[in-house]
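Novice:
Here is the structure:
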């Protein structure tokens, strides 16, 4: 089955392509389809935002659509940056700038526990809606380590690998990532109905 991935985030598209191909499905990005739509994320939860994005793109393309909203939730910051992860620190900051902003916010914090959360919404041709969620627990380092991944990956330390997501391979990350956990749940649901 071919799915449109409802994002302009190239890192997420790569993750979805890797994961969906393992399931025997094909993923196409908005860019692949020459679609330029910027969906405003007005939800207050990852789940709400993933539905908003999936519905907007599905209504436009009329084919199976998968949308994800994900982000980093930091205990010491009461769950921030949360749904604002991609916009944390304001307009104009890139991934590195957002990491630096978070490092500054965390400089005096002892509790460095954090988790990546992902909510996925899949809308099929018959408008069947499947929603799944996944989490990956970790610890924020006091520095940026590694060149791999995107977003907050270079400061998110995972005990299993004794490395940050910025240091592990895509395959290692996808074994335990929040998005992979949500995708595995989506795969289980798709297998029940397809």
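Residue numbers (this note's numbering): 4 to 197.
Here a beta-carbon is modelled for each residue, glycine too, at the ideal position from N, C-alpha and C.
#1: Could you check where the alpha helix (DSSP H) with residue 24 kicks off and where it finishes?
#2: Run through the DSSP bridge pairs and tell me what residue 72 is partnered with.
#3: Assign residue 147 to one of three DSSP states: helix, strand, or coil.
#4: Measuring straight from C-alpha to C-alpha, what distance separates residue 100 and residue 87?
#5: Whose CA, out of 143, 67, 54, 152, lies closest to the CA of residue 31?
#6: Name the residue from 17, 23, 111 whose alpha carbon lies nearest to the alpha carbon of residue 143.
#7: Should residue 119 go down as buried or exposed, given a rule of 16 or more other Cβ atoms within 10 Å for buried?
#8: Could you compute how far the alpha carbon of residue 127 sits from the alpha carbon of residue 108?
#9: Does the contact criterion of 3 or more C-beta pairs under 8 angstroms hold for the region 46-53 versus the region 156-165?
#10: Which class does residue 40 belong to by DSSP, given the choice of helix, strand or coil?
#11: Identify which residue in 196, 14, 10 has its Cα closest to the Cα of residue 36.
#12: From residue 179 to residue 139, what does the alpha carbon distance come to, in whole angstroms?
#13: Using the Cα positions of residue 38 and residue 70, report the straight-line distance between them to the nearest angstrom.
Specialist: So, to answer that:
#1: Residue mapping note: residue 24 aligns to position 21 of the chain shown, counting from 1. Element bounds for residue 24: 13-25.
#2: Against the chain shown, residue 72 aligns to sequence position 69. Note: residue 72 sits in a beta bridge opposite 122.
#3: For this step, residue 147 is matched to residue 144 along the chain shown. Coil.
#4: Numbered from its first residue, the chain shown carries residue 100 at position 97. Numbered from its first residue, the chain shown carries residue 87 at position 84. CA-to-CA, the gap between residue 100 and residue 87 works out to about 14 angstroms.
#5: Residue numbering aside, residue 31 sits at position 28 when the chain shown is read from its first letter. Closest option to residue 31, Cα to Cα, is 67.
#6: Position 140 of the chain shown, counting from 1, holds the residue named residue 143. Comparing Cα positions, the closest option is 111.
#7: Here residue 119 refers to the residue found at position 116 when the chain shown is read from its first residue. By the neighbour-count rule (16 or more Cβ atoms within 10 Å), residue 119 is buried.
#8: The residue you call residue 127 lines up with position 124 of the chain shown. The residue you call residue 108 lines up with position 105 of the chain shown. Their backbone Cα atoms lie some 41 angstroms apart in a straight line.
#9: no
#10: The residue given as residue 40 occupies position 37 in the chain shown. Coil, per DSSP.
#11: Counted from its first residue, the chain shown places residue 36 at position 33. Out of 196, 14, 10, 10 has the C-alpha closest to the C-alpha of residue 36.
#12: If you number the chain shown from 1, residue 179 lands on position 176. If you number the chain shown from 1, residue 139 lands on position 136. Approximately 7 angstroms, taken between the alpha carbons.
#13: Start at 1 with the first residue of the chain shown, and residue 38 comes out as number 35. Start at 1 with the first residue of the chain shown, and residue 70 comes out as number 67. Distance between the alpha carbons of residue 38 and residue 70: 15 angstroms.
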